[in-house]
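Here the structure is laid out as structure tokens; the discussion comes afterwards.
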Amino acid sequence: MSDSLNKNLGTTEVLWELNDLYTGVDAKEIDDDLAACQIEAKALHDEFSGRVAELSADQILKVIVRLENLATERGRLSTYAFLNFTTQTQNSQATAFLQKIREENSRISKNTVFFELEWNDLSDSHTAELLNNDILSHYRHYLSSLRRYAPHMLSRDEETLLIEISPVGRGAWTLLFEKVMGHLEFGEKKRTEEEVLADLYHQDQTVRQQAARDLTDGLNSQLHVLTHITNTLLADKMIDDRLRKYPAWVSSMNLYNELEDKTVNTLIDTVVSRYDIPKRYYHLKKKILGLKELSDYDRYAPLPDLPSTVVSWKDCRKMVIDSFTEFSSELGEIAQLFFDKNWIHAPIIPGKRGGAFAHPCTPDVHPYLMINYTGNLRDVSTVAHEMGHGIHQYLSAKLGYLNSDTTLVLAETASVFAELLLFKKQLTLLHNHDQKIAFISQKLESIFATVFRQIAMNRFEELSHTGRRQHGELSAEQLGEYWIQTQQEMFADSVILTKDYSTWWSYIPHFLSTPGYVYSYAFGELLVLALYNIYRKDTEWFVPKYIELLKSGGSSTPYALVEPFGIDLNSSDFWQGGLEVIDDMLKDIEL
295 MSDSLNKNLG
305 TTEVLWELND
315 LYTGVDAKEI
325 DDDLAACQIE
335 AKALHDEFSG
345 RVAELSADQI
355 LKVIVRLENL
365 ATERGRLSTY
375 AFLNFTTQTQ
385 NSQATAFLQK
395 IREENSRISK
405 NTVFFELEWN
415 DLSDSHTAEL
425 LNNDILSHYR
435 HYLSSLRRYA
445 PHMLSRDEET
455 LLIEISPVGR
465 GAWTLLFEKV
475 MGHLEFGEKK
485 RTEEEVLADL
495 YHQDQTVRQQ
505 AARDLTDGLN
515 SQLHVLTHIT
525 NTLLADKMID
535 DRLRKYPAWV
545 SSMNLYNELE
555 DKTVNTLIDT
565 VVSRYDIPKR
575 YYHLKKKILG
585 LKELSDYDRY
595 APLPDLPSTV
605 VSWKDCRKMV
615 IDSFTEFSSE
625 LGEIAQLFFD
635 KNWIHAPIIP
645 GKRGGAFAHP
655 CTPDVHPYLM
665 INYTGNLRDV
675 STVAHEMGHG
685 IHQYLSAKLG
695 YLNSDTTLVL
705 AETASVFAEL
715 LLFKKQLTLL
725 HNHDQKIAFI
735 SQKLESIFAT
745 VFRQIAMNRF
755 EELSHTGRRQ
765 HGELSAEQLG
775 EYWIQTQQEM
785 FADSVILTKD
795 YSTWWSYIPH
805 FLSTPGYVYS
815 YAFGELLVLA
825 LYNIYRKDTE
835 WFVPKYIELL
845 KSGGSSTPYA
855 LVEPFGIDLN
865 SSDFWQGGLE
875 VIDDMLKDIE
885 L
């Protein structure tokens, strides 16, 4: 089925060109680069370990530049191993190669961890004196932000040991999850996860019901393994948080995002206070669809007048490039590079990881996009979303490896903004009133998935991490109860959640790979709605400032980066403003 779909859509040959990294897993350059990294890491350790406290600003700069170059080379190796595995999770050679690179990187890290530990041991006055030296201006934010982890660092021996065993830690368990999901075949037709999930958007309720049963049955066949993986990683984080003295399960994520707990709590509380918005919408949708009850498998049912045209890859490409170009010719040109230079992997193939992502790779190469393209309007939006990430990563790469890495909350800004640009572009192409209403409704559902559903999933994580710490290992049934509880709080009586739905927590990778990550989607969506309103009021003023935001990468805190737009992230009124935009969109179709 996948082959014919890819052929019809024109995605069969839309494959990324990994030769920009390495020509194959057996390429001589890989062994040469690994050896060079090991030599350089040892040289750095031998020259500077135990001496950071006595280094001048000029010497600190030299060390940082060498560490950054080393990180870039390691990043190239890791990126290639990961991308090579992603499209062939059933391939034992690809799996073994990925694990090899992770193990080699662990050995290299043992020799470089000294810098962060010793830097964080310096007094505030000493580091302030060093950072005031203009010679370190390019790395000032990176070095100062490193020190936010100082209260949570362990001893050198402990940190070295954790690095030593990391290849069999979280990464190994998430790899197992991806292999399990990559091997799963759903239903009698033995379809992929992506193909089954796509059927939840089918206009025929019987097709949606069957897709839900197929997904549930597939997950249940491996639920004992998925539950064990989840419990192991919940415990792993519990132990790590305890050792590092993080006050809450989400504290390390907030710290990584350079956000105060107050900011995140304000965001979550404000979104939860407006759960009435999705509740009203799904009551309306039930009425429009003429259903007595709206079940979980009906949530994504298309409204009767929603355009159902299958979008070829060629047309998708044009829509995405045009939407970026109309906003900024510079961004449009960058988007075209991804299509022209084979930086995208689009077809659905057995063993390919589900979902979609953009990988920044390394500044001296370019980002890559992975898509599972099935030709519907949602997938076109997904391409725009990941393209937003890719352009953000492309622009910020000029800052170098250490400064280009954007915190998760701002990383979502470019992707969500790109989705909104595409939506506005597509909306202008519709002239039928009922089609416009249906299309706006679909956009609302996308926003709900980004804002309300992600916060509901954050609430699931809250219960899961707290439950694991208070009660020990959690059963699949208990995790299912947490899932239903937090989802039902959002839907209230507008959606009936079936028993089958209680297992659907088990296929979401973010819970495992990046605990606490999901609130970043809501952050990005509501921030974008605020930014878009600014854009509408003054296009000429906004566009260069927005591009400058993307170019700034992770070179400052989120608070500082959005300051030019007059945004206060600690204000409940700010987040309410974004929610009001959503509410207004809903009111437009409630009339």
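Quick note, the sequence shown lines up with residues 295 to 885 if you use the numbering used here. Ideal Cβ placement from N, Cα and C applies to all residues, glycine included. Quick caveat, the model's predicted, so the values are computed rather than measured.
With Met-447 as the anchor, note down where its beta strand (DSSP E) starts and where it stops.
That residue, Met-447, is in no beta strand (DSSP E); it is neither H nor E in DSSP.
Which of the three DSSP states, helix, strand or coil, is assigned to Tyr-662?
strand
Please specify which runs of the alpha helix (DSSP H), each continuous and at least 4 residues long, are wholly inside the segment 787 to 826, giving them in chain order.
Runs of the alpha helix (DSSP H) inside the segment 787 to 826: 804 to 807.
What are the uninterrupted segments assigned as alpha helix (DSSP H) that are 4 or more residues long and contained completely in the segment 457 to 537, given in chain order?
464 to 477, 487 to 492 and 499 to 515
Given this structure, state the Cα-to-Cα distance separating Asp-728 from Ile-883, to the nearest angstrom.
10 Å
Backbone CA spacing between Leu-537 and Ser-515 [nearest angstrom]:
35 Å
Assess, as a yes-or-no matter, whether the segment 482 to 490 is touched by the segment 643 to 653 under the definition of 3 or more beta carbon pairs within less than 8 Å.
The segment 643 to 653, when compared against the segment 482 to 490, does touch it at the 8 Å Cβ threshold.
Under a three-way DSSP split, which group does Ile-638 fall into?
strand
Give me the Cβ distance between Leu-873 and Arg-568, rounded to the nearest whole Å; I'm assuming they're in contact under 8 Å.
5 Å
Kindly give me the distance between the Cβ atoms of Ala-652 and Glu-680, rounded to whole angstroms, as I take these residues to be in contact under 8 Å.
5 Å
Between the Cα of Ser-769 and the Cα atoms of Thr-406, Leu-528, Glu-397 and Lys-586, which residue gives the shortest distance?
Out of Thr-406, Leu-528, Glu-397 and Lys-586, Leu-528 has the C-alpha closest to the C-alpha of Ser-769.
Put Ser-296 into one of helix, strand or coil per three-state DSSP.
DSSP, read as helix, strand or coil, puts Ser-296 in helix.
Between the alpha carbons of Ser-545 and Leu-440, how many angstroms are there, rounded?
16 Å
What are the residues that DSSP puts in a beta bridge with Phe-651?
Met-664
Taking Lys-612 as the reference, which of Gln-720, Pro-598 and Pro-601 has the closest Cα?
Gln-720
Roughly how many angstroms separate the alpha carbons of Ile-876 and Leu-671, rounded to a whole number?
Rounded to the nearest angstrom, the gap between the Cα atoms of Ile-876 and Leu-671 is 20 Å.
For the structure I just gave you, are there three or more beta carbon pairs, one from the segment 355 to 366 and one from the segment 694 to 702, closer than 8 Å?
Contact holds between the segment 355 to 366 and the segment 694 to 702, because three or more Cβ pairs, one in each stretch, are under 8 Å apart.
Secondary structure of Ser-589, DSSP reduced to three states
strand
Cβ shell of Arg-762 (< 8 Å), same chain only, five flanking positions each side left out:
Asn-525, Leu-528, Ala-529, Met-532 and Leu-768
Report yes or no: do three or more beta-carbon pairs, one from the segment 625 to 641 and one from the segment 771 to 780, lie closer than 8 Å?
Contact between the segment 625 to 641 and the segment 771 to 780 is absent, because fewer than three Cβ pairs lie under 8 Å.
Taking contact to mean at least 3 C-beta pairs separated by less than 8 Å, is the segment 821 to 840 in contact with the segment 793 to 812?
no
To the nearest angstrom, report how far apart Gln-764 and Asp-352 are at their CA atoms.
Separation of Gln-764 and Asp-352 (C-alpha to C-alpha, rounded to the nearest whole angstrom) is 49 Å.
Hey, could you find the ends of the alpha helix (DSSP H) Thr-744 is sitting in?
Residues 727 to 744.
Sorted by chain position, which residues of the same chain lie with C-beta nearer than 7 Å to Thr-792's C-beta, five sequence neighbours on each side aside?
Ser-589 and Asp-590
Straight-line gap, His-660 to Lys-336 (C-alpha atoms, nearest Å):
28 Å
Which residue from Ile-861, Phe-379 and Ser-622 puts its Cα closest to that of Pro-838?
Ser-622
Do you know offhand how far Arg-370's Cα is from Lys-579's?
47 Å
Are three or more beta carbon pairs between the segment 674 to 688 and the segment 711 to 719 nearer than 8 Å?
yes
Any contact between the segment 404 to 419 and the segment 333 to 348? By contact I mean 3 or more CB pairs, one from each, below 8 Å.
yes
Counting along the chain, where does the alpha helix (DSSP H) carrying Thr-421 start and finish?
418 to 425
Enumerate in chain order the residues of its own chain whose CB-to-CB distance from Val-604 is below 6 Å, with the five nearest sequence positions on each side excluded.
Gly-669
Look up Val-703 in the DSSP assignment and say whether it is helix, strand or coil.
helix
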